[in-house]
Ligand SMILES: C[S@@+](CC[C@H](N)C(=O)[O-])C[C@H]1O[C@@H](n2cnc3c(N)ncnc32)[C@H](O)[C@@H]1O
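Numbering (this note's numbering), first residue to last: 12 to 275.
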């Protein structure tokens, strides 16, 4: 998934065309008028295309799929919590409400929105390595109008950067975050987790090694939380084992907690 262009939805307004052309310039891509797109897609000349929709929303489309921002997973998980269910990420974080959290693998931002909802004065700094995922999700965070207040408030507490966490954590000063959270792509994908499926072709599949974990602990004041799947080998490969692992037996999704000061 490498060759792409920028276009608009059908019958675009002048303003839509202006926005799409400006966006194409910004990312150094080719702008293609919508009426010329079909031929490019059918001939296989491009792998995917960015669409500036009538309401300005940015979507990525390809033959048989599309990728856009939506906070539905955050909403579902909050509903589950409100109905008395457990959320292992929220349990693993043990938030006081004023933390600065680094979400090193932002993806769709569903977990960032959920975390941010539990912060009264803190914030979530998100990193996303894939420029394509970053652009669509950044646009969503700026443009999406949630129908519930808590999501609107949570989204205001999030900053997103198009950065590689491996570089970022090596440059960040000691103890510059309260918590570092990392959710790399699973080795054994859960295809039934449909929310993640549209992101897969664009995602970076970096994993976490001992040196990364060392830097994550160095830049965290309280803890590092790493998400993985019980079938994956991430925790086996790391020399420093999590002090605590919590998660759902049903889904196999695990959150490993590595405390900065395990004796406190
Ligand atoms: C499993 S998804 C994260 C999902 C996220 N927790 C959510 O709630 O939507 C992993 C994301 O991390 C990104 N990623 C992988 N390696 C990265 C790196 N080195 N730096 C920053 N982001 C990275 C992938 O591109 C992908 O979008």
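Idealized CB from N, CA, C, for every residue including glycine.
Exposed unless 16 or more other CB atoms sit within 10 angstroms - verdict on residue i
{"i": "residue 165", "result": "buried"}
{"i": "residue 160", "result": "exposed"}
{"i": "residue 203", "result": "exposed"}
{"i": "residue 142", "result": "exposed"}
{"i": "residue 150", "result": "buried"}
{"i": "residue 182", "result": "exposed"}
{"i": "residue 41", "result": "exposed"}
{"i": "residue 226", "result": "buried"}
{"i": "residue 154", "result": "exposed"}
Residue i vs residue j beta-carbon contact at 7 Å
{"i": "residue 43", "j": "residue 18", "result": "yes"}
{"i": "residue 63", "j": "residue 31", "result": "yes"}
{"i": "residue 243", "j": "residue 197", "result": "yes"}
{"i": "residue 116", "j": "residue 209", "result": "no"}
{"i": "residue 127", "j": "residue 90", "result": "no"}
{"i": "residue 219", "j": "residue 266", "result": "no"}
{"i": "residue 111", "j": "residue 213", "result": "no"}
{"i": "residue 268", "j": "residue 103", "result": "yes"}
{"i": "residue 190", "j": "residue 229", "result": "no"}
Start-to-end residues for the beta strand (DSSP E) that takes in residue i
{"i": "residue 233", "result": "231–240"}
{"i": "residue 172", "result": "169–172"}
{"i": "residue 192", "result": "188–193"}
{"i": "residue 137", "result": "134–138"}
{"i": "residue 265", "result": "264–270"}
{"i": "residue 76", "result": "76–78"}
{"i": "residue 255", "result": "255–258"}
Limits of the alpha helix (DSSP H) - the one that residue i falls within
{"i": "residue 180", "result": "176–182"}
{"i": "residue 249", "result": "Per DSSP, residue 249 belongs to no alpha helix (DSSP H) and is neither H nor E."}
{"i": "residue 70", "result": "No alpha helix (DSSP H) contains residue 70, which is instead part of the beta strand (DSSP E) from 69–73."}
{"i": "residue 145", "result": "142–154"}
{"i": "residue 84", "result": "83–93"}
Integer-rounded CB distance, given that residue j should sit under 8 Å from residue i
{"i": "residue 171", "j": "residue 137", "result": "4 Å"}
{"i": "residue 123", "j": "residue 206", "result": "The pair is not a contact, with the Cβ atoms about 14 Å apart (cut-off 8 Å)."}
{"i": "residue 217", "j": "residue 177", "result": "7 Å"}
{"i": "residue 162", "j": "residue 253", "result": "That belief does not hold up - the Cβ atoms of residue 162 and residue 253 are roughly 30 Å apart, past 8 Å."}
{"i": "residue 113", "j": "residue 188", "result": "4 Å"}
{"i": "residue 59", "j": "residue 72", "result": "7 Å"}
is_contact[residue i, chain D] using C-beta, thresh 7 Å
{"i": "residue 33", "result": "The chain inventory of the structure shown lacks chain D, comprising one protein chain alone."}
Any non-hydrogen atom of ligand 2 within 6 Å of residue i CB
{"i": "residue 214", "result": "The model on display carries ligand 1 but not ligand 2."}
Going residue by residue through the segment 104–130, where are the continuous alpha helix (DSSP H) segments of at least 4 residues, counting only ones entirely within it? The DSSP assignment places complete alpha helix (DSSP H) segments of no fewer than 4 residues inside the segment 104–130 at 121–127, in order along the chain.
Taking only runs of the alpha helix (DSSP H) that begin and end inside the segment 12–57, which ones reach a length of at least 4 residues, in chain order? 25–37, 48–53
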